[in-house]
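Peer 1:
In the numbering used here, the protein residues as written are 2 to 273.
Okay, here's the thing in structure tokens:
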């Protein structure tokens, strides 16, 4: 397997893969390890998923040995962002996750928390935050010691070509929210326009974060987000993925060769 690990900015690790199958295999192993650790330490594993290629790259978890070795009954599944469409809609993250993962592993239906698709997008965001608060109250989801935000065991995100994560897009006012856990947007630059999304404080409170980047169109966003080059300083809200910087947790980028093209690696740190 041709992979490389590169230590980037603080609390950030970059893993580059030549082939998509290698990326999916390593991701499955990484998620499985986090699941086992969390179940052993806390008795459950709370995971929040996003859209994009997430479900596809998680496909190896549905295969041997993970399908049988993981304690799926201890998994609690939520979404870091969701499109405000019906659960049966082709663009529903829930629908894609159900077809690609939930229907293939024994996760309890009662442990899967999708948004209420009968509400307006604003109401759905409020309702989803209430759901998370109930899970925090029940101690299913931990709490960050630094800001009282929910502390998911793992949040899985994909990065857009502009550096977007979840449904947080460059220079959007939602990036400045500090008190809300979940918010809504009605002007997504990619259809459908109405979405709910975790806010940045919730994302940065996770114990572990995984960001997926595949394809050459993601190369600029990856380079801007993971490196500490001087010209990147001050970008702030123009590259949301660069704002992913957990105070206590760790970020691991799973990147294919095409998406790593704009990164300059030190010879002693990087080999392909």
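For every residue, glycine included, the Cβ atom is placed at its ideal position computed from N, Cα and C. No experiment lies behind these values; they were computed from the predicted model shown.
Tell me which residues share the same chain as residue 238 and place their Cβ nearer than 6 Å to its Cβ, disregarding the 5 neighbours each side in the sequence.
Peer 2: 172 and 176
Peer 1: In the DSSP assignment, find the beta strand (DSSP E) that holds residue 72 and state where it starts and stops.
Peer 2: No beta strand (DSSP E) contains residue 72, which DSSP labels as neither H nor E.
Peer 1: Once DSSP output is grouped into helix, strand and coil, what is the label at residue 214?
Peer 2: When DSSP states are grouped into helix, strand and coil, residue 214 belongs to the strand group.
Peer 1: Where DSSP assigns a beta bridge to residue 144, which residues make up the other side?
Peer 2: 151
Peer 1: Could you pull out every residue in the same chain whose Cβ sits closer than 8 Å to the Cβ of residue 142, ignoring the five residues on either side in sequence?
Peer 2: 47, 77, 133, 136, 151, 152 and 153
Peer 1: Would you kindly report the start and end of the unbroken beta strand (DSSP E) that includes residue 197?
Peer 2: 196-199
Peer 1: Whole angstroms are fine: how far does the CA of residue 39 sit from the CA of residue 67?
Peer 2: 16 Å
Peer 1: Once you ignore the five residues that flank residue 140 on each side, which residues in its own chain have a CB closer than 8 Å to its CB?
Peer 2: none
Peer 1: Going by DSSP, what residues sit across from residue 251 in a beta bridge?
Peer 2: 209
Peer 1: Based on the DSSP output, what are the partners of residue 49 in its beta bridges?
Peer 2: Bridge pairing for residue 49: 79 and 156 [DSSP].
Peer 1: Report buried or exposed for residue 138, applying the criterion of at least 16 other Cβ atoms within 10 angstroms of its Cβ.
Peer 2: exposed
Peer 1: Would residue 80 and residue 49 qualify as a contact pair, given that the criterion is a beta-carbon distance under 8 Å?
Peer 2: yes
Peer 1: Could you give the C-beta distance for residue 146 and residue 209, rounded to a whole number, given that I count them as a contact under 8 Å?
Peer 2: The Cβ separation is near 16 Å, so there is no contact.
Peer 1: I think residue 16 touches residue 254, with their Cβ atoms under 8 Å apart; what is that distance to the nearest whole Å?
Peer 2: 7 Å
Peer 1: So, with DSSP's three-state summary, where would you put residue 178?
Peer 2: coil
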